[in-house]
Amino acid sequence: MLKLVSRCDLACDHCYVYEHPDQSWRRQPRVMAPATVAAVARRIAEHAAAHRLDVVRVVLHGGEPLLAGAARLDATAATLRRVVGAVARLDLRMQSNGVLLTPAVCEVLVAHDVKVGISLDGDRAANDRHRRHANGASSHRRVLRALSLLRRPAYRTSYAGILCTVDLANDPIRVYEALLAEEPPHVDFLLPHANWDSPPVRPDGVATPYADWLLAVHRRWLADGRPVPIRLLESLLSTASGRGSRSEAVGLAPADLVVVETDGTFEQVDSLKSAFDGAAVTGLDVFRHRVDDAAAHPAIAVRQSGLAGLCATCRGCPVVRHCGGGLYAHRYRAGNGFDNPSVYCRDLLRLARVVTTAPVVGEPPRPADSLSPGVLDDLATGPGTAGSAEQLGAVHLALVRALLVALSERAAGDPVAAEGWRLLVRLDETHPDAVRAVLSHPFVSRWARRCRDGVAELSHLACVAAAAAVRARVRTDLPVPVRDGLVSLPTLGALAACAGRGVVRLAIDDGDLRLGGRRVATEPGRQGAPDGADGPDGWLPVRTVSLDGRRLLLEDTDPYRDCYDLPVEPRLPDAAALRWARRLERAVRRVDAEAADYAAGVRTLLRAVVPLRAEPTGRFRSAAAGTAFGAVAVTAVPDDATLAVLLVHEVQHLKLGAVLDVCDLFDRDDPRTLSVPWRDDPRPVEGVLHGAYAHLAVADVWRRRPGPAAEGHFRRYRAWTGGALDALLDLGVLTAEGERFARGMRATLDGWP
Ligand code: SF4
Ligand code: SF4
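Under this note's numbering, think of the first position of the sequence shown as 6, with each following residue one higher.
Next up, the structure:
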């Protein structure tokens, strides 16, 4: 980036060059001297030759580069073309505010093939919010004139696009429409420069306003069929498909940018000027130092080390491959410098999750990882509707997809996982329903989370892909891992292998499996065994409960089902499995009969039930795990009515767990605990909220059952719930959304006779 001019004819109040802590522009020559341009050109050529670069991009920048005038611009471009063009292809660009763009300047741009990007923040009202002259006058009319010049056929080749700085006060759709009206070849959005010491403006009670703003643009852009490349969004999509980012604002690509100031000094990326005075200084210059010396400067080198150069929080983040910690300047905090996530972390997390998991074409009904505004209110009634349950399921699926995309980078280093990933991506295009069914399995989610945390085997990805291939009835073969003598295929069952561990090659053909010389039919009844019975050929099918066309899995085989504090049952004998299946079916039908509104959630969200080992005390136990959405675990119970209540109770935990994955209902850093009547030990806020939500439903079920014993249970659970909600509300730990949710539950309790 060549700072051709260090002054500007505008006085934008959000400008990082003039309006932020670094004021080094005051010490710079106004315009880069011809001798300095020549020295820069020689350094670039030297670097390109030494590294055999095919192409070098040079951006003429400022301040405002057009203040140099057409003649100086002509001479600068000519020098660069002659010197750099001799050793590499020169991609010559300019970033300008456009105010001084004239036909004469356009002639120079076209003559030297300089592509110019123009800064514009939207329509007149949006642009005038910041982009004004020093006397306050609007720059909008002159910028539009510049853009109309660039649209002329004679100059069109020099039109690179528009750069827009986000301002929450501007309507995102009006901004989008105003930018598209200028027919730009590209658009880029920039988050306003901010850091932890100077955080961005955030309206009260809105967790991710910048993501919300950009996602409004994203939805409209998808609905319009992506009429123009938007660099920030395209970069995120590019990372999702395993390619690099096209922007330094996101992604893990090494920084390959160095700035040369008008006096010939090398500086780091100039957005750092928003951090502190002197933040971009390197102490190097083009007269005495090579570009390699600048690249080796510690502050620049650290930005070339990808993941390793990020803070611990970012390194453990599920979207780090997409986000990359955000723009370097936005990580700054006095005290520990840049060893932080971006000050836009929450926004970036949401933006990356939604953009990288949303369908690429067609308008999604809403962002993939967020809930519609009314869902929390609906869930606070106790059961919530089937629509809310479906949204929770969709949100969870989006999170699993994001996890897998994050894992796919590591999968590249594992041949078994890599082959599985490739197959899964292929199937996702050709048989999306089969992939969706497998990714919705509770223990695929748990495995992916454990993989992210480095405590599960990445190669299980091949089993996930193989299960999807069986469901899709495609013909393929791939290596899969063997664990404890079994090849586990999520949602389907497990196949006994000869070895206890290792990797075997599994062939899949029209739903059948071939392992070594053995052919195994996976469909119920095809191998002659009764439905769900262990086959003589080593196939251990997952046992299922049929609920009016929907299959509930009795999970006693999946290796990742051990996520509860209680021991799980090993593979059940056929007869025991049959008893479990019958009891489950009757319990769900009992929920249908006595609490049909809760049945909607149970039937929509519950995908698997894990049998737990009976306690020596004979106490019935049940559990749900936040990492295994869609599964609950229970010990054997003697009657359908008890199991029905346990299922309703645990499905409430699943619902709230899925909400907490995407909504902050309380301050997660608050260490305080509360005493609750249903446990001896004090519980953290999350545990109290979970207890309240589960007991609300249990009270509601008992409320509908007849008899004095039922009434006693109802009163107890209602008192527990009410007490917990009041304590949470008094503690002042809930966010605005959390308080609304708690008050909604309180209103539900108070509304019961
Ligand atoms: S046009 Fe660019 S350089 Fe000039 S004041 Fe505005 S933001 Fe700063
Ligand atoms: S979302 Fe936050 S934690 Fe994750 S990589 Fe980005 S800045 Fe880092």
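All C-beta atoms, glycine included, are put in the ideal place defined by N, C-alpha and C.
Check: What's the C-alpha gap between Val690 and Val738?
Finding: Walking along the sequence shown from the start, residue 690 turns up at place 685. Walking along the sequence shown from the start, residue 738 turns up at place 733. Cα to Cα, the separation comes out at about 8 Å.
Next item on the list: With hydrogens ignored, establish whether the beta-carbon of Thr213 is closer than 6 Å to any heavy atom of ligand 2.
Entry: Position 208 of the sequence shown, counting from 1, holds the residue named residue 213. Because no heavy atom of ligand 2 lies under 6 Å away, the Cβ of Thr213 does not count as near it: no.
Checklist line | Nearest to Glu69 (by Cα), restricted to the options Val263, Leu444, Gly103 | finding: Along the sequence shown, read from residue 1 onward, the residue named residue 69 stands at position 64. Checked all of Val263, Leu444, Gly103; the closest Cα to Glu69 is Gly103.
Checklist line | Cβ distance (whole Å) where Ala474 is taken to contact Leu432 below 8 Å | finding: Counting from 1 along the sequence shown, the entry for residue 474 is found at position 469. Counting from 1 along the sequence shown, the entry for residue 432 is found at position 427. Correct: roughly 6 Å between the Cβ atoms.
Note to self: Please report the straight-line C-alpha distance between Leu500 and Pro234, rounded to a whole angstrom.
What the structure shows: For this step, residue 500 is matched to residue 495 along the sequence shown. For this step, residue 234 is matched to residue 229 along the sequence shown. Whole-angstrom Cα-Cα distance: 47 Å.
Check: Based on the DSSP secondary-structure assignment, which residues constitute the bridge partners of Ala299?
Finding: For the purposes of this step, residue 299 is taken as the residue at position 294 of the sequence shown. In the DSSP output, where bridge partners are listed per residue, Ala299 has none listed.
Note to self: With the cut-off set at 7 Å, would you say Thr386 and Thr740 are in Cβ contact?
What the structure shows: Along the sequence shown, one-based indexing puts residue 386 at 381. Along the sequence shown, one-based indexing puts residue 740 at 735. Going by C-beta atoms, Thr386 is not nearer than 7 Å to Thr740.
Next item on the list: Indicate whether Val274 and Leu289 have their beta-carbon atoms separated by less than 7 Å.
Entry: Here residue 274 is taken as the residue at index 269 of the sequence shown, counted from 1. Here residue 289 is taken as the residue at index 284 of the sequence shown, counted from 1. Taking 7 Å as the Cβ cut-off, Val274 and Leu289 do not qualify as a contacting pair.
Check: Using the beta-carbon count (16 or more within 10 Å), is Gln28 buried or exposed?
Finding: Indexing the sequence shown from 1 puts residue 28 at position 23. By the Cβ neighbour-count rule, Gln28 is exposed, with fewer than 16 other Cβ atoms within 10 Å of its own.
Check: Within this structure, are the beta carbons of Val723 and Ala704 separated by less than 7 Å?
Finding: Locating residue 723 in the sequence shown gives position 718, where the first residue counts as 1. Locating residue 704 in the sequence shown gives position 699, where the first residue counts as 1. Position check: residue 723 holds Arg in this sequence, whereas Val was assumed. Cβ atoms of Arg723 and Ala704: closer than 7 Å.
Check: Just the residues with CB closer than 6 Å to a heavy atom of ligand 2, in chain order, which are they?
Finding: Thr318, Cys319, Cys322, Val324, Val325, Cys328, Gly330, Gly331, Pro346, Ser347, Cys350, Leu353, Leu354
Item checked: Same chain, Cβ closer than 8 Å to Met750, neighbours up to 5 away in sequence not counted -> Working through the sequence shown from its first residue, we reach residue 750 at position 745. Result list for Met750: Ala385, Gly387, Ala697, Tyr698, Leu701, Thr726, Leu730, in chain order.
Next item on the list: Indicate the three-state DSSP secondary structure (helix, strand or coil) for Arg519 in the structure shown.
Entry: For the purposes of this step, residue 519 is identified with residue 514 of the sequence shown, where counting begins at 1. Strand.
Margin query: Per DSSP, what are the beta-bridge partners of Tyr164 in this structure?
Written below: On the sequence shown, residue 164 is found 159 positions in, with the first residue counted as 1. Tyr164 pairs with Val121.
Next item on the list: Report the three-state DSSP secondary structure of Trp757 (helix, strand or coil).
Entry: Here residue 757 is taken as the residue at index 752 of the sequence shown, counted from 1. Correct three-state label for Trp757: coil.
Notebook entry, point to check: Leaving out the 5 sequence neighbours to the left and right, which residues in its chain are closer than 7 Å to Glu272 when beta-carbon positions are compared?
Noted result: As a working mapping, residue 272 is identified with position 267 in the sequence shown. Answer for Glu272: Val264, Glu266, Ala285, Val286, Thr287, listed in chain order.
Note to self: Cutting at 8 Å between CB atoms, please list the residues of its own chain near Leu497, excluding the five before and the five after it.
What the structure shows: The residue given as residue 497 occupies position 492 in the sequence shown. The answer, listed in chain order, is Ala472, Val475, Arg476, Thr527, Pro546, Val547.
Check: For Arg62 versus Asp18, is the C-beta distance shorter than 7 Å?
Finding: Along the sequence shown, one-based indexing puts residue 62 at 57. Along the sequence shown, one-based indexing puts residue 18 at 13. It is not a contact, given that the beta carbons lie outside the stated cut-off.
Checklist line | Alpha-carbon spacing of Arg326 relative to Trp585, whole angstroms | finding: Working through the sequence shown from its first residue, we reach residue 326 at position 321. Working through the sequence shown from its first residue, we reach residue 585 at position 580. Approximately 43 Å, taken between the alpha carbons.
Notebook entry, point to check: Where are the alpha helix (DSSP H) runs, 4 residues long or more, that stay fully inside the region 206-289, in chain order?
Noted result: 214-228, 236-245
Item checked: ligand 1 heavy atom lying under 6 Å from the CB of Cys169 -> As a first step, residue 169 is located in the sequence shown; it is residue number 164 there, counting from the start. No; taking the cut-off as 6 Å, the Cβ of Cys169 has no heavy atom of ligand 1 nearer than that.
Next item on the list: Can you say whether Asp126 is buried or exposed, counting buried as having 16 or more other CB atoms within 10 angstroms of its CB?
Entry: As a position in the sequence shown, residue 126 is number 121, starting the count at 1. Buried is the call here.
Check: If we call anything under 7 Å between Cβ atoms a contact, is Phe746 one with Leu397?
Finding: Counted from its first residue, the sequence shown places residue 746 at position 741. Counted from its first residue, the sequence shown places residue 397 at position 392. Taking 7 Å as the Cβ cut-off, Phe746 and Leu397 do not qualify as a contacting pair.
Margin query: Do Ser203 and Leu168 have their beta-carbon atoms positioned less than 7 Å apart in this structure?
Written below: If you number the sequence shown from 1, residue 168 lands on position 163. If you number the sequence shown from 1, residue 203 lands on position 198. Going by C-beta atoms, Leu168 is not nearer than 7 Å to Ser203.
Margin query: For Cys322 and Leu665, what's the separation of their Cα atoms in angstroms?
Written below: Residue numbering aside, residue 322 sits at position 317 when the sequence shown is read from its first letter. Residue numbering aside, residue 665 sits at position 660 when the sequence shown is read from its first letter. Rounded to whole angstroms, Cys322 to Leu665 spans 17 Å at the Cα level.
Next item on the list: Determine the direct distance from the alpha carbon of Arg224 to that of His401, and round the result to whole angstroms.
Entry: Locating residue 401 in the sequence shown gives position 396, where the first residue counts as 1. Locating residue 224 in the sequence shown gives position 219, where the first residue counts as 1. Answer to the nearest angstrom: the Cα atoms are 20 Å apart.
Check: What residues in its chain sit with their C-beta under 6 Å from that of Pro362, if we drop five residues either side in the sequence?
Finding: Taking the first residue of the sequence shown as position 1, residue 362 is located at position 357. Note that residue 362 is Thr in the sequence shown, not Pro. Short of 6 Å from the beta carbon of Thr362, and not among the five residues preceding or following it, lie these beta carbons of its own chain, in chain order: Ala373, Ala403, Arg406, Ala407.
Note to self: Is any non-hydrogen atom of ligand 1 found closer than 6 Å to the C-beta of Glu272, if you look at the structure I gave you?
What the structure shows: The residue labelled residue 272 in the question sits at position 267 within the sequence shown. Outside the cutoff, so no.
Checklist line | Straight-line gap, Val88 to Arg94 (C-alpha atoms, nearest Å) | finding: For the purposes of this step, residue 88 is taken as the residue at position 83 of the sequence shown. For the purposes of this step, residue 94 is taken as the residue at position 89 of the sequence shown. When rounded, the distance between both Cα atoms is 11 Å.
Notebook entry, point to check: Since Leu257 and Gly311 are thought to touch, with beta carbons under 8 Å apart, how far apart are those beta carbons, to the nearest angstrom?
Noted result: Stepping through the sequence shown from its first residue, residue 257 is reached at position 252. Stepping through the sequence shown from its first residue, residue 311 is reached at position 306. Indeed they touch by this definition, with Cβ atoms about 5 Å apart.
Next item on the list: Let me know the secondary structure DSSP gives Ala16 once reduced to three states.
Entry: Numbered from 1 along the sequence shown, position 11 holds the residue referred to as residue 16. Coil.
Next item on the list: Could you tell me whether the region 557-577 touches the region 627-636, where touching means 3 or more Cβ pairs closer than 8 Å?
Entry: yes
Margin query: Three or more C-beta pairs under 8 Å: does that hold for the region 413-424 against the region 433-443?
Written below: no
Notebook entry, point to check: What's the call for Gly712, buried or exposed, on a 16-neighbour Cβ count within 10 Å?
Noted result: Indexing the sequence shown from 1 puts residue 712 at position 707. So Gly712 counts as exposed.
Next item on the list: Note down, in chain order, each residue of its chain lying with its Cβ closer than 7 Å to the Cβ of Leu154, except the 5 sequence neighbours on either side.
Entry: Taking the sequence shown and counting its residues from 1, one reaches residue 154 at position 149. For Leu154, where only same-chain residues beyond five positions count, the Cβ hits under 7 Å are Leu106, Pro108, Cys111, Tyr160.
Note to self: Measuring only the C-alpha atoms, how far is Leu85 from Phe194?
What the structure shows: Stepping through the sequence shown from its first residue, residue 85 is reached at position 80. Stepping through the sequence shown from its first residue, residue 194 is reached at position 189. So the alpha carbons of these two residues sit roughly 29 Å apart.
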